[in-house]
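Numbering (our numbering), first residue to last: 88 to 370. Idealized CB from N, CA, C, for every residue including glycine.
As structure tokens, then:
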């Protein structure tokens, strides 16, 4: 997940710079869908379009019955995709111009960049639903997610002003600022992102251990438990990290990388994990 060199891709297929959706859907309901976006694969199955999906990319590991293949979302091969005879290809951020390549050989595509707000998430789910003939189910999913997230946030314990956090994307200390979609989720709970004080003009900064210590976050969230095998125990054992308040208080939260990097149905679980972590913060 989140790696340097690809603008720190959020959710396996997009940065937070745009939420534009390009829909080149077929006039008839798509019956042979190829999904090259893990987030949208989860959405497709959640809205009842799973039976229409004939192939998904190698990173689309959820749900368990997804039609996973060795197709790459990062280096898509038009010939390999066309072998599945799709009538619609679902793409995340189209960094490679795949949509145009598919159009050239008569294959329709649905393209959508990473969202920047929750409202854009809900709108994107609804739009994809319409594109695959499951508009009502998609709207119902979006409405349910919105209600659940609002309830979680409103019920979350209040934290002292200035309560801060560090979100670790990998073991080289890449993170996000509050200007990103992921950062905005934490902001809903009144948490201060230590990365906002970092130098540079990127919203995906790489922090130094010295900077981290100087900021002394109240909470540490690990979104690299799968990719980098990070754990609360390993973080606590890092040289010099024992002085951090989060380490001393045991406020290190292990997240599921996939859930923390996608904005599909399990976004509710991510928000719930943040809320749960606040229970251990002293008022």
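Ordered along the chain, which non-local residues of its own chain (more than five positions away) have a Cβ less than 6 Å from that of residue 116?
Numbered from 1 along the chain shown, position 29 holds the residue referred to as residue 116. Correct list, in chain order: 220.
Run through DSSP, which three-state label would residue 285 get?
The residue you call residue 285 lines up with position 198 of the chain shown. Three-state result, residue 285: coil.
To which residues of the same chain is residue 258 closer than 8 Å at the C-beta, ignoring the five residues directly before and after it?
By one-based count along the chain shown, residue 258 stands at place 171. Excluding positions up to five away in sequence, the list reads 311, 315, 317.
How is the beta strand (DSSP E) around residue 253 delimited, first residue to last?
Along the chain shown, read from residue 1 onward, the residue named residue 253 stands at position 166. It spans 251-255 - the beta strand (DSSP E) in which residue 253 sits, taken as one unbroken run.
CB-CB under 7 Å to residue 167, same chain, minus the five flanking residues each way: which ones, in chain order?
Along the chain shown, one-based indexing puts residue 167 at 80. Only 158 meet the Cβ criterion.
Please confirm whether residue 290 and residue 305 have their CB atoms less than 7 Å apart.
Here residue 290 corresponds to residue number 203 of the chain shown, with the count starting at 1. Here residue 305 corresponds to residue number 218 of the chain shown, with the count starting at 1. Taking a C-beta distance under 7 Å as the contact criterion, residue 290 and residue 305 do not qualify as a contact pair.
To the nearest angstrom, how far is the alpha carbon of residue 360 from that of residue 345?
Start at 1 with the first residue of the chain shown, and residue 360 comes out as number 273. Start at 1 with the first residue of the chain shown, and residue 345 comes out as number 258. Spanning the two alpha carbons is a distance of roughly 13 Å.
For residue 250, the nearest candidate out of 237, 269, 274 (CA to CA):
As a first step, residue 250 is located in the chain shown; it is residue number 163 there, counting from the start. For the residues 237, 269, 274, the minimum Cα distance to residue 250 belongs to 274.
Name the two residues that bound the continuous beta strand (DSSP E) containing residue 332.
Start at 1 with the first residue of the chain shown, and residue 332 comes out as number 245. Taken as a continuous stretch (DSSP letters only), residue 332 belongs to no beta strand (DSSP E), being part of the alpha helix (DSSP H) at 332-336.
Along the chain, where does the beta strand (DSSP E) containing residue 346 start, and where does it finish?
Numbered from its first residue, the chain shown carries residue 346 at position 259. It is not in any beta strand (DSSP E) - residue 346 carries neither H nor E in the DSSP assignment.
Using CA coordinates, which residue listed in 174, 226, 283 is at the minimum distance from residue 261?
Along the chain shown, read from residue 1 onward, the residue named residue 261 stands at position 174. Residue 261 has its Cα closest to that of 283, out of 174, 226, 283.
Who are the near neighbours of residue 369 in its chain, counting only those whose CB is closer than 6 Å to its CB and skipping five residues on each side?
The residue given as residue 369 occupies position 282 in the chain shown. Excluding positions up to five away in sequence, the list is empty.
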